[in-house]
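Asks:
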Amino acid sequence: MFFKQDQLKIQTIDDNSYREVLAHEGKLMNVKVFFKHATPNDEIPVHNHVHEQTTYVLKGSFKFEIRGENGPDVQEVHQGDSIYFPSNVYHGCIPLEDDSQLLDSFTPQREDFLK
């Protein structure tokens, strides 16, 4: 299946961020997430979901929090870094630079992103 850039839909997350659902089908989904500004109030709050997730930093830097069995792990990640989130693990992030971008992959695909 092909997913052409000019056919992708932009989904607003909040005033500071939006996403584009890229290639997806059943067991896998790629999503590009854009952050306009780096402000502490414009974060992706700590949350969890049943989907396994990987995140690749396309541009900029972020502070990520992962809440595992040994407590929270907070680290800065930068362009070229990647993260793996197991199913149901709590995680969230704050953009540290304007115009930062992430590439998220989910398995299975996030049906809630397709509505």
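Read in order, the letters of the sequence shown are residues 1 to 115 in UniProt numbering. Heads up, the beta-carbon is just placed ideally off N, CA and C, and yes, glycines get one too. Keep in mind that this is a model prediction, so the values were computed, not measured.
With 16 as the cutoff for other CB atoms within 10 Å, does G80 come out buried or exposed?
Replies: exposed
Asks: Report the residue from E69, P108, Y56, L114 whose alpha carbon sits nearest the alpha carbon of H78.
Replies: Y56
Asks: Kindly indicate the opening and closing residues of the beta strand (DSSP E) around P45.
Replies: 44-47 is the extent of the beta strand (DSSP E) around P45.
Asks: Within the continuous beta strand (DSSP E) that includes P95, where are the two ends?
Replies: 90-95
Asks: I'd like to know if the stretch 34-42 and the stretch 66-76 are in contact, where contact means that at least 3 CB-CB pairs between them fall below 8 Å.
Replies: no
Asks: Excluding sequence positions up to five away, which residues of its chain have a Cβ less than 6 Å from the Cβ of K4?
Replies: none
Asks: With P72 as the anchor, note down where its beta strand (DSSP E) starts and where it stops.
Replies: 71-78
Asks: Please report the straight-line C-alpha distance between K63 and C93, rounded to a whole angstrom.
Replies: 5 Å
Asks: Among L28, N70, E52, which residue has its Cα nearest to the Cα of M1?
Replies: A check of alpha carbon separations from M1 across L28, N70, E52 identifies L28 as the nearest.
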